[in-house]
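Reviewing the structure listed below.
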Amino acid sequence: MSQPNPTSQPGTSLFSIDGIRTAIAARETTATAIAEQHFSQIAKSDGEVGAFLALSRERALAQAARVDALAAHGDLDLTTMPLAGVPVGVKDVLMTKGLPTTAGSRILEGFAAPYDATVVTRLEAAGAVILGKCNCDEFAMGSSNENSGYKPVRNPRDLTRVPGGSSGGSAAAVAAGMAVATLGSDTGGSIRQPASFCGVVGMMATYGRVSRYGLIAFASSLDHVGPLTNSVKDAAQVLQVIAGRDAMDATSADVPVPDYVADMQKPVRGLRVGIPKEYFGEGLEPETRALVEAAIEKLRALGCQVQPVSLPHTEYAVPTYYIVATAEASSNLARFDAVRYGHRAKGAKSLSEMYRRSRDEGFGPEVKRRIMLGTYALSAGYYDAYYLKAQKVRTLLARDFELAFAEVDAIVTPTCPAPAFKLGEKTDDPLAMYLADIYTVTADLVGIPGISVPCGETSEGLPVGVQILGKHFDEGTVLRLGAAVE
Ligand code: GLN
Numbered sequence: 316m317s318q319p320n321p322t323s324q325p326g327t328s329l330f331s332i333d334g335i336r337t338a339i340a341a342r343e344t345t346a347t348a349i350a351e352q353h354f355s356q357i358a359k360s361d362g363e364v365g366a367f368l369a370l371s372r373e374r375a376l377a378q379a380a381r382v383d384a385l386a387a388h389g390d391l392d393l394t395t396m397p398l399a400g401v402p403v404g405v406k407d408v409l410m411t412k413g414l415p416t417t418a419g420s421r422i423l424e425g426f427a428a429p430y431d432a433t434v435v436t437r438l439e440a441a442g443a444v445i446l447g448k449c450n451c452d453e454f455a456m457g458s459s460n461e462n463s464g465y466k467p468v469r470n471p472r473d474l475t476r477v478p479g480g481s482s483g484g485s486a487a488a489v490a491a492g493m494a495v496a497t498l499g500s501d502t503g504g505s506i507r508q509p510a511s512f513c514g515v516v517g518m519m520a521t522y523g524r525v526s527r528y529g530l531i532a533f534a535s536s537l538d539h540v541g542p543l544t545n546s547v548k549d550a551a552q553v554l555q556v557i558a559g560r561d562a563m564d565a566t567s568a569d570v571p572v573p574d575y576v577a578d579m580q581k582p583v584r585g586l587r588v589g590i591p592k593e594y595f596g597e598g599l600e601p602e603t604r605a606l607v608e609a610a611i612e613k614l615r616a617l618g619c620q621v622q623p624v625s626l627p628h629t630e631y632a633v634p635t636y637y638i639v640a641t642a643e644a645s646s647n648l649a650r651f652d653a654v655r656y657g658h659r660a661k662g663a664k665s666l667s668e669m670y671r672r673s674r675d676e677g678f679g680p681e682v683k684r685r686i687m688l689g690t691y692a693l694s695a696g697y698y699d700a701y702y703l704k705a706q707k708v709r710t711l712l713a714r715d716f717e718l719a720f721a722e723v724d725a726i727v728t729p730t731c732p733a734p735a736f737k738l739g740e741k742t743d744d745p746l747a748m749y750l751a752d753i754y755t756v757t758a759d760l761v762g763i764p765g766i767s768v769p770c771g772e773t774s775e776g777l778p779v780g781v782q783i784l785g786k787h788f789d790e791g792t793v794l795r796l797g798a799a800v801e
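Sequential numbering from 316 applies to the sequence shown in the numbering used here.
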């Protein structure tokens, strides 16, 4: 088991975003010292965990020095720099200028991003210190981080188990105290599922709430960027910084961003909470069920009105997701043609051979499988049977949620059917891996916000997460219920 970072353990003042930024502003410590402590924790633990693909020491220390200079002159204003000195990690699907940005793929080995993703710009403007790039499944395709083109990530809570995926490095970095917060991406559960496996908080806001500019696209109608943190409050604080309209992303919503921390702190009494029976059926591991039910009882005890709801098309969500996601991926990944960037095969005798061999050498097996599945689903003759039908089922899933949200303010479910599995346990059976996404893919298909919050441990000491889903742009209620469960 990896050693926890003494500076970021619960109960110590430097555990939370609030603790760190106020200590820096009060000059009880410095952003530089905090950054150094986290780099030592990485040096100590990351050999066995594998959460980082690259470190950005120089950039981190320059940013920390800027924060420290402001603090030294009494000019550090936490309202404009709410993340002052907070050490963060960024999933490797996000562009970071001048730093390696590979999306966990060998096809982008050695590629340095020419610009920063909007979320990265916003984090740094808020004073955050970017420590490095977090490991992930190749192009965010996977649920265990075993599809990384570089190295697997191990779950800090049990090194024989996977951290989940695809944002496995982002979840493990927070769980092992190597970063106070990280950014992940969620296309079909990739923030919430690893958060659940590693015992941390993972928040996916409404589709369009957070800019995707500078996110390497997997499936554009499903992709979201969001935080992984130690607490719901930290998640609210990071979301506050990254949310909001961005002129560089036409799909980002022009909807005012409320005060998430204020929303989160309101009492939950009187909120109507729906429990969908379809999420508590066959396949849900008994200990996970018991822990999630205990979290629901806690909400009831706090005055929530708990009632059953039905989401009748749930059984079609996984097949729908794996058609829409692979179709969009096959189109998005066409840009990796070895012409302007990325791996180029040597010695090809024609342009088509160059394309073919570069892609064959650069992409891993899961990415190839997805490109083939997606190309098939979009091909003439099969389009109506697969892609068009999947889009229609997506509408039915959206209607399920609309009807449910007419009766309740939020929906509570398990995040995953079972806790973290062993490394290697599902690598030979991609279908088993896909089926475990059953509770998370719906929110992406429908575009609603969702959070995973730890709700206890199994008898083996493995963390379990409870998922809270809310109405479009109602992150406030999701965070509020998350804080209540926490
Ligand atoms: N596990 C899902 C997949 O493999 C989710 C991935 C994601 O959300 N990026 O596609």
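Virtual Cβ for every residue (Gly too), placed ideally from N, Cα, C.
Q. Ends of the alpha helix (DSSP H) at Asp549?
A. Segment Val547 to Ile557, the alpha helix (DSSP H) holding Asp549.
Q) Where does Pro542 land, buried or exposed, given buried means 16+ other C-beta within 10 angstroms? A) Under this definition Pro542 is a buried residue.
Q: Please classify Glu439: is it buried, with 16 or more other beta-carbons within 10 angstroms of its beta-carbon, or exposed?
A: Answer is buried; the Cβ neighbour count reaches 16.
Q: If I'm right that Pro857 touches Arg336 with Cβ under 8 Å, what's the distance once you round it to whole angstroms?
A: Absent from the model: residue 857. The displayed extent of the chain is 316 to 801, so no value can be given.
Q. Looking at Gly504 and the ligand GLN, is the gap between the Cβ and the nearest heavy atom below 7 Å?
A. yes
**Q.** Inter-residue Cα distance where the pair is Met579 and Leu711
**A.** If you take the alpha carbons of Met579 and Leu711, they lie about 31 Å apart.
**Q.** Ala616 to Gly589 span [Cα, whole Å]
**A.** Across the structure, Ala616 and Gly589 are spaced so that their CA atoms are roughly 15 Å apart.
Q.
Mapping the DSSP letters down to three states, classify Pro732 as helix, strand or coil.
A. DSSP places Pro732 in coil when its eight states are reduced to three.
Q. Does the distance from the CB of Gly457 to the CB of Ser482 come in under 8 Å?
A. no
Q. From which residue to which residue does the beta strand (DSSP E) around Met519 run?
A. Val516 to Met519
Q. Measuring CA to CA, which of Phe788, Met687 and Ile783 is closest to Val516?
A. Here the closest residue by C-alpha is Ile783.
Q. Does at least one heavy atom of the ligand GLN sit under 7 Å from the Cβ of Met396?
A. For Met396, the distance from the CB to the nearest heavy atom of the ligand GLN is not below 7 Å.
Q) Roughly how many angstroms separate the alpha carbons of Asp392 and Asp549, rounded to a whole number? A) 18 Å
(Q) Quick check: what's the CA-CA separation for Thr629 versus Glu717? (A) Spanning the two alpha carbons is a distance of roughly 14 Å.
Q. For the candidate residues Gly529, Tyr697, Asp538 and Thr773, whose alpha-carbon lies nearest to that of Ala562?
A. Gly529
**Q.** Any non-hydrogen atom of the ligand GLN within 7 Å of Gly762 CB
**A.** No - the ligand GLN has no heavy atom lying nearer than 7 Å to the Cβ of Gly762.
Q: State whether the region 458–478 contacts the region 362–376, with contact taken as three or more CB pairs (one from each stretch) at a distance under 8 Å.
A: Enough Cβ pairs lie closer than 8 Å, so yes.
Q: Would you check whether the ligand GLN has a heavy atom nearer than 7 Å to the C-beta of Ala455?
A: yes
Q) Rounded to whole angstroms, how far is the Cβ of Phe533 from the Cβ of Asn647, which I believe are closer than 8 Å? A) 7 Å
Q. Quick one: Cα of Gly447 to Cα of Gly696, how far?
A. C-alpha separation (whole angstroms): 45 Å.
Q. So what's Arg587 in DSSP terms, helix, strand or just coil?
A. strand
Q. With C-beta atoms as the reference, is Arg684 less than 8 Å away from Pro745?
A. yes
Q: Say whether the region 490–499 touches the region 346–358, bearing in mind that this needs 3 or more beta-carbon pairs closer than 8 Å, one atom from each stretch.
A: yes
(Q) To the nearest angstrom, how far is the alpha carbon of Arg604 from that of Thr394? (A) 41 Å
Q) If you check the beta carbons only, do Gly559 and Val572 fall under 8 Å apart? A) Taking the C-beta atoms as reference points, Val572 is found nearer than 8 Å to Gly559.
**Q.** Range of the contiguous alpha helix (DSSP H) that encloses His539
**A.** It is not in any alpha helix (DSSP H) - His539 instead sits in the beta strand (DSSP E) that spans His539 to Thr544.
Q.
DSSP three-state label for Val403, please.
A. strand
Q.
What would DSSP say about Thr497, mapped onto helix, strand or coil?
A. strand
Q) So does Ser500 have its beta carbon nearer than 7 Å to some heavy atom of the ligand GLN? A) yes
Q) Apart from the five residues just before and just after Leu370, which ones in its own chain have a Cβ nearer than 6 Å to its Cβ? A) Gly447
Q: Look at the alpha carbon of Ala358 and the alpha carbon of Ala488, and state the distance between them as a whole number of angstroms.
A: Roughly 12 Å separates the two Cα atoms.
**Q.** Inter-residue Cα distance where the pair is Gly689 and Tyr637
**A.** 8 Å
Q. How about Gly679 and Glu453: are their beta carbons less than 8 Å apart?
A. yes
Q.
Please state the DSSP three-state secondary structure of Gln622.
A. strand
Q: From the DSSP output, in three-state form, read off Asp383 for me.
A: helix
Q. How long is the line joining the alpha carbons of Pro623 and Val553, rounded to whole angstroms?
A. 32 Å
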